[in-house]
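If you read the sequence shown in this note's numbering, its first letter stands for residue 98, the second for the next number, and so on. Let me begin by presenting the structure, written as structure tokens, before commenting on it.
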Amino acid sequence: MPERSFRKILVANRGEIAVRVIRACREMGIASVAVFSEADRGARHVRLADEARPIGPALAAESYLRIDRVIEAARASGAEAVHPGYGFLAENAGFALACEEAGLVFIGPRSRTITLMGEKTSARRLAVEAGLPVVPGTLEPLEDDAAIRREAERIGFPLMLKAAAGGGGKGLRLVASAGEIASAAARARSEARSAFGDDRVYLEKALSRPRHVEIQVVADHHGHAVHLFERECSIQRRHQKVVEESPSPLLTPELRARMGALAVALVRKAGYVNAGTLEFLVDESRAPYFLEMNTRLQVEHPVTELVTGIDLVKLQIRIAEGATLPFGQADLAQRGHAIECRVYAEDPDAGFLPSPGRIVALRVPGGPGIRDDSGVEEGDEVPSHYDPLVSKLVAWGEDRASAIARMRRAVREYRVLGIKTTLPFFERVLRHPDFVAGRIDTSFVERLGREPRAETDRPWVVALASAAVRAHQQRHAVKTGTVAAAPPSAWRREGRIEAQGGRG
Ligand code: MV4
Numbered sequence: 098m099p100e101r102s103f104r105k106i107l108v109a110n111r112g113e114i115a116v117r118v119i120r121a122c123r124e125m126g127i128a129s130v131a132v133f134s135e136a137d138r139g140a141r142h143v144r145l146a147d148e149a150r151p152i153g154p155a156l157a158a159e160s161y162l163r164i165d166r167v168i169e170a171a172r173a174s175g176a177e178a179v180h181p182g183y184g185f186l187a188e189n190a191g192f193a194l195a196c197e198e199a200g201l202v203f204i205g206p207r208s209r210t211i212t213l214m215g216e217k218t219s220a221r222r223l224a225v226e227a228g229l230p231v232v233p234g235t236l237e238p239l240e241d242d243a244a245i246r247r248e249a250e251r252i253g254f255p256l257m258l259k260a261a262a263g264g265g266g267k268g269l270r271l272v273a274s275a276g277e278i279a280s281a282a283a284r285a286r287s288e289a290r291s292a293f294g295d296d297r298v299y300l301e302k303a304l305s306r307p308r309h310v311e312i313q314v315v316a317d318h319h320g321h322a323v324h325l326f327e328r329e330c331s332i333q334r335r336h337q338k339v340v341e342e343s344p345s346p347l348l349t350p351e352l353r354a355r356m357g358a359l360a361v362a363l364v365r366k367a368g369y370v371n372a373g374t375l376e377f378l379v380d381e382s383r384a385p386y387f388l389e390m391n392t393r394l395q396v397e398h399p400v401t402e403l404v405t406g407i408d409l410v411k412l413q414i415r416i417a418e419g420a421t422l423p424f425g426q427a428d429l430a431q432r433g434h435a436i437e438c439r440v441y442a443e444d445p446d447a448g449f450l451p452s453p454g455r456i457v458a459l460r461v462p463g464g465p466g467i468r469d470d471s472g473v474e475e476g477d478e479v480p481s482h483y484d485p486l487v488s489k490l491v492a493w494g495e496d497r498a499s500a501i502a503r504m505r506r507a508v509r510e511y512r513v514l515g516i517k518t519t520l521p522f523f524e525r526v527l528r529h530p531d532f533v534a535g536r537i538d539t540s541f542v543e544r545l546g547r548e549p550r551a552e553t554d555r556p557w558v559v560a561l562a563s564a565a566v567r568a569h570q571q572r573h574a575v576k577t578g579t580v581a582a583a584p585p586s587a588w589r590r591e592g593r594i595e596a597q598g599g600r601g
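This is the structure in structure tokens:
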């Protein structure tokens, strides 16, 4: 494959990830083309790109998910390549194929690799062939309840029924005993049918309280493949990651090296090209099991960037241009520790209800070791039509404790008025003894939700005063559409309490 240089890339996405890709393009001297729905006419990614093209109404199914419209925008703009970001069409093999057929370079793996990994049972079969440990279960979808019953007896309970076309948490059902099979199968199938248009299911033995650890990989078109270590992603809520970090507090150097080698083995077996991620579950005895492979750039890629010093988006583009990986495994190391908090427009005090609306005031934290990848600016509207992720706050420190301290500082510096965000929830996570000790598994968020709440880890007077100030600001801002200057006193007081080793 001859190497080339792209002059123009179409970014087939919106929000923070579109901004992230546009930034990489600008640094590389590549022109960027944004696409936008009617709800995103004035969005940040549209303002930042060199050009922008409308692709339809607010509804994603009629805009960001329309292969024909995205391809037409790329063709009309003269782009040579398409970056899909994550979500929307990023793991749609039909889209990758449509790009290939239109003479556009899809910045990602080949369409047939997406198909292969998209079906979880075929990914499991390939993983077994490559020598990876997989969770005991079936390697083929199961036709009917009788087949499920037969395999269930062989594997043993408790079991997980999973959608073959799935991924994430859709179509996932825990089955504790044989008596639950019929209803669990019916639900899993119907959920899978409506989510993926494919109701095939398969079985895995259920691991108890697993940790979710994933390995980042990159491979070029010339047979070179490396891993970029792990990300710990056990802190999830309804199969939505909320906090990720690297390194994982769980891994030993030996386990890290072993999982990395397993990941590279699958990449080679699959002939995988570009950036990808292998998800593993790690059980209580620290045994890793391959779960699935994501054939895209992940939301949480910045934590890997901060500990390896590698710009993954630029690397994706260079690989798609036909470049050889500029490093080998021996050149890579993890330096320090990085943590990401996903700032969603959701109200953590109302069951994480979405909170779309206008951001009337915004103070984004900065300073040493802080990165904020955001799709919005002050004055922007967070539309209700899409994923409510507004920003990713990422902290780097020399070690885990310093990264946590920086993240706590940054979360308190962050001010968002006009919409509710998950920022207050992170204050609770970041000071929780289990989180601080690295005792995190996939039940962490649920356990946190059952614990009594305390804004009162701070003295109650301060908590009450700052709550009153916040409420006043909010009312004032919403009423006038402008914002009162943030009163410095409450902010300073909080800082002073923190510095005194008071708790925060
Ligand atoms: C599992 C599991 C236990 N055993 N598979 C949830 C999302 C999907 N990617 C895989 N998931 C799980 N698969 C077996 N065989 C437990 C989960 C799971 C989970 C995994 C990672 C992070 C959070 C989770 C929360 C609930 C269940």
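We put the beta carbon where it would ideally sit given N, CA and C, even for glycine. In this text the structure is predicted, and so the values were computed from the model without any measurement.
Backbone CA spacing between Val272 and Arg335 [nearest angstrom] = 18 Å
Cβ distance (whole Å) where Gly464 is taken to contact Ile516 below 8 Å = Not quite, the Cβ-Cβ distance comes to about 24 Å (not below 8 Å), so this is no contact.
Span of the beta strand (DSSP E) around Ser488 = 486-494
Please name the residue in Ala384, Val370, Leu347 whose C-alpha comes closest to that of His318.
-> Val370
Give a single yes or no on whether Ala249 has its beta carbon closer than 7 Å to a heavy atom of the ligand MV4.
-> no
Can you give the beta carbon distance from Leu145 to Val167, rounded, assuming they're within the 8 Å contact cut?
-> Not a contact, Cβ separation roughly 18 Å.
Rounded Cβ spacing between Val340 and Ile436 (contact assumed at less than 8 Å) = 7 Å
Quick one: is Glu210 buried, meaning 16 or more other Cβ sit within 10 Å of its Cβ, or exposed?
-> Residue 210 is actually Thr in this sequence, not Glu. Flag for Thr210 reads buried.
In chain order, each beta strand (DSSP E) run of at least 3 residues that lies wholly inside the region 449-534 | 458-460, 467-471, 486-494, 512-514
My guess is that Ala121 and Ile414 are in contact by the Cβ rule of under 8 Å, so how many angstroms apart are they, rounded?
-> 6 Å
Every unbroken beta strand (DSSP E) within the region 112-166, with a cutoff of 3 residues, ordered by chain | 128-134, 148-153
Going by C-alpha distance, which of Asp531, Ser471, Ala568 is nearest Arg141?
-> Ser471
The ligand PLP heavy atom lying under 7 Å from the CB of Glu474 = What this structure holds is the ligand MV4, not the ligand PLP.
At which residues does the beta strand (DSSP E) containing His309 begin and terminate?
-> 308-316
Any non-hydrogen atom of the ligand MV4 within 7 Å of Ser331 CB | yes
Where DSSP assigns a beta bridge to Ile436, which residues make up the other side?
-> Glu342, Ala492
What are the boundary residues of the beta strand (DSSP E) that includes Gly373?
-> 371-379
Cβ-heavy atom distance between Val232 and the ligand MV4 below 7 Å?
-> yes
What's the C-alpha gap between Ala430 and Phe424?
-> 11 Å
The beta strand (DSSP E) enclosing Phe387, as first and last residue numbers | 385-391
Look at Glu301 and Leu375 and say whether their C-beta atoms are less than 8 Å apart.
-> no
Enumerate in chain order the residues of its own chain whose CB-to-CB distance from Pro451 is below 6 Å, with the five nearest sequence positions on each side excluded.
-> Glu443, Pro485
Alpha carbon to alpha carbon, what distance is there between Phe192 and Pro530?
-> 45 Å
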